[in-house]
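Chains A and B are the protein sequences, given in the same order. When you read off a place in the first sequence, starting at 1, and then add 74, the result is the number in the working numbering. When you read off a place in the second sequence, starting at 1, and then add 5, the result is the number in the working numbering. Before any comments, here is the structure.
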Amino acid sequence: EDQVTQSPEALRLQEGESSSLNCSYTVSGLRGLFWYRQDPGKGPEFLFTLYSAGEEKEKERLKATLTKKESFLHITAPKPEDSATYLCAVQAWHQGGSEKLVFGKGTKLTVNP
Amino acid sequence: DSGVTQTPKHLITATGQRVTLRCSPRSGDLSVYWYQQSLDQGLQFLIQYYNGEERAKGNILERFSAQQFPDLHSELNLSSLELGDSALYFCASSLGSGGEQYFGPGTRLTVT
Chain A
75 EDQVTQSPEA
85 LRLQEGESSS
95 LNCSYTVSGL
105 RGLFWYRQDP
115 GKGPEFLFTL
125 YSAGEEKEKE
135 RLKATLTKKE
145 SFLHITAPKP
155 EDSATYLCAV
165 QAWHQGGSEK
175 LVFGKGTKLT
185 VNP
Chain B
6 DSGVTQTPKH
16 LITATGQRVT
26 LRCSPRSGDL
36 SVYWYQQSLD
46 QGLQFLIQYY
56 NGEERAKGNI
66 LERFSAQQFP
76 DLHSELNLSS
86 LELGDSALYF
96 CASSLGSGGE
106 QYFGPGTRLT
116 VT
């Protein structure tokens, strides 16, 4: 069974204090790993897709990396507007072609001014 | 704005009732997915449709059903509602060949 574990559950940072969020996964055959941002009461907003170990993607203050067992979301010099819950999800190769996402429970990030 | 629309935004109903949630995917997307998000369970996959056909089922209760219409919009029907069905229900869409899914704003269902 595909599983995703995110840590920490919650993270408080001061503005400008860089850190990393972790996503560990077990999947039979990785088709893709996805990072989303979710604000309270809103739908998840797509950030990145990573397909193979060693791949990296960047967007503004965020950088996602992937190894064979985990992914990291690095946040450099965060601002209060980066406060949100960050979700990690995996998509596996399945017989029958399902493209369902299996999500972790997320890391709630709070950035204080 | 992801381009995925969902109606209604909020729904309050009583136990035992039946409701229908509606989703319109992004233009050009053939796959529609339904997810349920509750505080303790996180985001859970319910069901996927691709170009009108059911493609995969997840943790969807027998009281729940869905369909995708020829214009590719989808409806999720929830019946014999229980208190535990209170949650956020999200629809997502994708081209259908893997890759990222784009989520709608969700429908918040409250069962009283």
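Note that the Cβ used here is the ideal one computed from N, Cα and C, for glycine as well.
Residue environment, residue i, which counts as buried when at least 16 other CB atoms sit within 10 Å
i        : result
B:Ala71  : buried
A:Ser92  : exposed
B:Glu58  : exposed
B:Glu105 : buried
B:Ala92  : buried
Presumed contact (8 angstroms Cβ cut-off) between residue i and residue j, rounded CB distance
i        : j        : result
A:Asn96  : A:Phe177 : Actually they are not in contact, since the Cβ atoms of A:Asn96 and A:Phe177 sit about 15 angstroms apart, beyond 8 angstroms.
A:Lys182 : A:Thr150 : The Cβ separation is near 19 angstroms, so there is no contact.
B:Gly109 : A:Gly180 : Contact flag wrong, Cβ pair sits at about 18 angstroms.
B:Phe50  : A:Leu175 : 7 angstroms
A:Ala166 : A:Ser102 : 6 angstroms
B:Arg31  : B:Ser98  : 5 angstroms
B:Thr10  : B:Glu87  : No, B:Thr10 and B:Glu87 are not in contact; Cβ-Cβ is about 27 angstroms, not under 8 angstroms.
Cβ of residue i within 8 angstroms of any chain A Cβ
i        : result
B:Tyr94  : no
B:Gln106 : yes
B:Ser99  : yes
B:Ala19  : no
B:Gln73  : no
B:Gly63  : yes
B:Ser7   : yes
B:Arg27  : no
B:Pro30  : no
B:Pro13  : no
B:Gly109 : yes
Chain B residues whose Cβ lies nearer than 7 angstroms to that of residue i
i        : result
A:Lys179 : Gly47
Closer than 8 angstroms to chain B by CB, residue i
i        : result
A:Lys131 : no
A:Leu161 : yes
Neighbouring residues, chain A, relative to residue i (Cβ below 7 angstroms)
i        : result
B:Gly103 : Arg105, Gly106, Gln165 and Glu173
Proximal residues of chain A, C-beta to C-beta of residue i below 9 angstroms
i       : result
B:Gly33 : Chain A residues near B:Gly33: none, gap ~16 angstroms exceeds 9 angstroms.
Cross-chain neighbours of residue i in chain A, by beta carbon under 8 angstroms
i       : result
B:Ser36 : Glu173
| What are the residues of the segment 104-128 of chain A that lie near chain B, defined by any Cβ-Cβ distance shorter than 8 angstroms? | Arg105, Gly106, Phe108, Tyr110, Gly115, Lys116, Gly117, Pro118, Glu119, Phe120 and Thr123
| query | Taking any Cβ of chain A, which residues in the segment 48-59 of chain B have a Cβ under 7 angstroms from it, in chain order? | reply | Leu48, Phe50 and Gln53
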